[in-house]
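These notes are about the structure you will find just below.
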Amino acid sequence: MKKLVITMFAIVAITLLVACDQRQVLRILNWGEYINDDVVAAFEDATGYRVSIDVTDSNESFYAKIKSGTTAYDIVIPSDYMVERMVDEDMLVKLDYTKLPNHANVTYMEGVNDIFEAMTATTLTRTGKTVDYTDYAVPYFWGSFGIIYNNRVEGLKTALETHGWSAFFDPSLTPANVRRGMYDVPQYAYAAASFYLEQDINTVTTASLNAAEEAILQANFVEWADDLLKRNVESNNLDMAFVYTGDYLDRLYIQLEDGKTLEEVQAIFDIYIPETTMGFMDNLVIPTTSKSVDMAHEFINFLLDPEVVALNSEVVGYATALVEAYDLIVANLDSEDEWYHNWALANLTYYNKNATNVLVPLTTLSAANIDKINTMVDNVRS
Amino acid sequence: MTNQYEKAKVSDYGYKDYSFLKPILKVFSVLFAITMIIFLYLPIIVIAIQSVNSSKNTSIFDSFTFEWYLNIFSEPDLLNAISNTFLVSAIATTIATVLGTIFAIGIYNLPKKARSRIMFLNNVPILNADIVTGFSLMIMFRFLMIIFPEIFGLTTLVLAHLFFTLPYVILSVIPKLKELDPNLIDAAQDLGIKPMKAIHLVIVPAVKAGIFSGMILALTMSIDDFVISFFTTGAGYDNLSIWIYGVLGRRNLTPSVYAFSTLLTLFTLISLITVQILQRKRKGKKK
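Shown next, in the form of structure tokens:
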């Protein structure tokens, strides 16, 4: 008994001593495994601050954690549509670009600018206000969505390349008995169906909903999941699924680490990125509840350094937002190190800066419209 | 004189013979037990296997490694979450054990009516749904925020954990108190000891087993709590379960989580076995 009490006090005492850190704390709320620890350590060394990172799993949770007022994060990293909503509700601090000197030396990727423009455009149609989102947000990572497919199925690759979205939704265009999977987020399913039907993914009408319902029924998805989709395609339990391109790269890098080459992995499973597809962008923003706006600016400025960004994407696997960082990554093509070579090759293949894909981000829909989409997808699934 | 009536059979009294069902029921019970064991323990075994798998790919077993166990200490986020978890649990359990013992002694010495009323209040947090507890605590703490703006984080987590562990300590101490001789404390005082010392030197050692099991219960409840912690934590204070929940969003779990889970399971197993052995020894002595 006594011993136990003593050990317990010892644990408390030791941890309290560790916690007694005099450094200023920069609080970040991030997605899980979405930053390179080396980058954090470098920032801590350069500034003498302590960085504390919490993680969460959805944009809605970012919103809830700020809105509740019980947390005081200095930086959060929500996606495009959630930034729109947060700006709408005055939850974000306007960035002071005089405190972001690195910004003058970098250029955003074409796709990033496209997404910023799309955000402004959807806000204009929704509220009639013109908002320049670069006033509030600096891009962190961005990426496209694509169709991950099982390349062991004969003819699937050709079907996707000739028919695009139609191959994903129309079983008559692909080899027989192809098993399709869909992200279990109703809004993504609606968006994918809308691409196939060539209708606007951010407009909801009775006609568009009915058409989407029919398309989803026709595709006959055998699996609705998130993380599992990519794994199941990889392990031959599924043949096609709508996923983040980064999801594919995530599995790809794991295979590369195990010693396979890019071609070998592609022969097993690959991703097809349609001409017009969904895009997303995660942004560094400062909530109004932040206790230290200056520290937050310092961190954002640090993440506008191309070398830091390249180091960061080595771990994260999504597309870098800065042209300069992209060039640094692609320069590894001549690297002796196999992993670096493959990494550069993967970026050239899947996130090419000259790619002509049109990326459409989601926008914040009204609660009523989200309800309609959810009901529609529930109907199909039941 | 012989009885001319037919001898009554048991079935005439309404008894039905179901003994033919016995083997079927037996098979069923064995099958049921096996299924339950598989469903309950297989996941734990799978996690243990995954924790020594050198490949991050869960569908392939590559080779045996202890790398992930070492990695626990080099992943700052994971390590931070683990230390937060233990810090909160250690503080909350310590306070809950001390307060719970004192409360239990107090409650036990109340008049019967008052005692049952207090015990009713004590049971509410136990029976209440976690999500209701978590949410209502969050609302209460938000009021406190007006006076202490920095309260969300360690303080609120410890308070919340105290809130749901304290009743368990009280619940496990009171039965032990009931086993005591009611005159014990009077006897001790007759021998010249002061009331506080009597509690410390006579009552507490006598109900040690209850305090100990209450403490273990509080510790395990506190370490694995997710729902209540989720609502009551603040910026920069993720515990392990919140961290795992957050990480699952987009990426794969690092196998270090499997390694840590295995360690935690082993720790629980070992402490359970130790408690069993201790109890058996004590029983042996009594005989």
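Quick mapping for you: the protein sequence lines, in order, are chains A and B. Numbering-wise, the first sequence is residues 73 to 454 according to the numbering used here. Numbering-wise, the second sequence is residues 36 to 322 according to the numbering used here. Note that beta-carbon positions come from the ideal geometry of N, C-alpha and C, so glycine has one too. Since we're looking at a predicted model, the values are computed, not measured.
{"Check": "Proximity winner among Thr-246(A), Thr-143(A) and Leu-289(A), relative to Met-180(B) (alpha-carbon distances)", "Outcome": "Thr-143(A)"}
{"Check": "Any C-beta of chain B under 8 Å from that of Thr-119(A)", "Outcome": "no"}
{"Check": "Assigned exposure category for Ala-440(A) - 16 Cβ within 10 Å defines buried", "Outcome": "exposed"}
{"Check": "C-beta atoms of Asp-165(B) and Val-282(B) nearer than 8 Å", "Outcome": "no"}
{"Check": "Residues of its chain near Val-452(A), where Cβ-Cβ distance is below 7 Å and the 5 sequence neighbours each way are ignored", "Outcome": "Glu-285, Ile-288 and Leu-289"}
{"Check": "Own chain partners of Met-318(A) with C-beta closer than 6 Å, once the 5 adjacent residues on each side are dropped", "Outcome": "According to the sequence shown, residue 318(A) is Gly rather than Met. So the list reads Gly-215, Gly-389 and Tyr-390, once near-sequence residues are dropped."}
{"Check": "Whole-angstrom distance between Ala-403(A) and Leu-420(A), CA atom to CA atom", "Outcome": "10 Å"}
{"Check": "Boundaries of the alpha helix (DSSP H) in which Val-449(A) is found, first to last residue", "Outcome": "439-453"}
{"Check": "is_contact[Tyr-493(A), chain B] using C-beta, thresh 8 Å", "Outcome": "The requested residue 493(A) is not part of the displayed model; chain A covers only 73 to 454."}
{"Check": "First and last residue of the uninterrupted beta strand (DSSP E) at Val-97(A)", "Outcome": "97-103"}
{"Check": "Pair within 8 Å by beta-carbon distance, Ala-244(B) and Ala-233(B)", "Outcome": "no"}
{"Check": "Coil, strand or helix - Met-154(B) by DSSP", "Outcome": "helix"}
{"Check": "Within-8 Å CB hit, Ser-124(A) to chain B", "Outcome": "yes"}
{"Check": "Exposed unless 16 or more other CB atoms sit within 10 angstroms - verdict on Pro-150(A)", "Outcome": "buried"}
{"Check": "Short-range partners of chain A found in the stretch 262-293 of chain B, where Cβ spacing is below 9 Å", "Outcome": "Phe-266, Thr-267, Thr-268, Gly-269, Ala-270, Gly-271, Tyr-272, Asp-273, Ile-277, Trp-278, Ile-279, Tyr-280, Gly-281, Val-282, Leu-283, Gly-284, Arg-285, Arg-286, Asn-287, Leu-288 and Thr-289"}
{"Check": "Near-chain B residues of the stretch 332-365 of chain A - C-beta to any C-beta below 8 Å", "Outcome": "none"}
{"Check": "Cβ contact check for the stretch 108-128 of chain B and the stretch 194-214 of chain B: 3 or more pairs under 8 Å", "Outcome": "yes"}
{"Check": "Cβ-Cβ distance between Leu-471(A) and Val-123(A) below 8 Å", "Outcome": "Residue 471(A) lies beyond the residue range present for chain A, which begins at 73 and ends at 454; the question has no answer from this structure."}
{"Check": "Minimum Cβ-Cβ distance from Asp-112(B) to chain A less than 8 Å", "Outcome": "yes"}
{"Check": "Contact set between Lys-91(B) and chain A, taken where Cβ atoms lie within less than 7 Å", "Outcome": "Ile-326"}
{"Check": "DSSP-derived helix/strand/coil call for Asp-221(B)", "Outcome": "helix"}
{"Check": "Proximal residues to Arg-252(A) (C-beta, below 6 Å), its chain only, five neighbours per side dropped", "Outcome": "Ala-291, Phe-293 and Met-312"}
{"Check": "Three-pair Cβ contact test at 8 Å for the stretch 204-216 of chain B versus the stretch 242-261 of chain B", "Outcome": "yes"}
{"Check": "Val-357(A) vs Leu-172(A) beta-carbon contact at 8 Å", "Outcome": "no"}
{"Check": "Short Cβ contact (8 Å threshold) for Phe-241(A) with Pro-346(A)", "Outcome": "no"}
{"Check": "Which of helix, strand or coil DSSP assigns to Val-250(A)", "Outcome": "coil"}
{"Check": "For Ser-307(A), three-class secondary structure by DSSP", "Outcome": "coil"}
{"Check": "Local conformation of Ser-151(A) per DSSP, three classes", "Outcome": "strand"}
{"Check": "Close-in-space but distant-in-sequence residues of the same chain around Ile-84(B) (CB under 8 Å, 5 per side omitted)", "Outcome": "Phe-96"}
{"Check": "is_contact[Tyr-145(A), chain B] using C-beta, thresh 8 Å", "Outcome": "yes"}
{"Check": "Chain B contact for Val-127(A) (CB, 8 Å cutoff)", "Outcome": "yes"}
{"Check": "Contained alpha helix (DSSP H) runs [length at least 4] in the stretch 366-447 of chain A, N- to C-terminal order", "Outcome": "378-388, 395-402 and 410-422"}
{"Check": "Asn-115(B), enclosing alpha helix (DSSP H) - first and last residue", "Outcome": "111-143"}
{"Check": "Sheet register partners of Ile-220(A) (DSSP bridge)", "Outcome": "Ala-313(A) and Ile-343(A)"}
{"Check": "Euclidean distance between Cα positions of Leu-252(B) and Asn-163(B)", "Outcome": "17 Å"}
{"Check": "The stretch 108-124 of chain B / the stretch 269-277 of chain B touching (three or more Cβ pairs under 8 Å)", "Outcome": "yes"}
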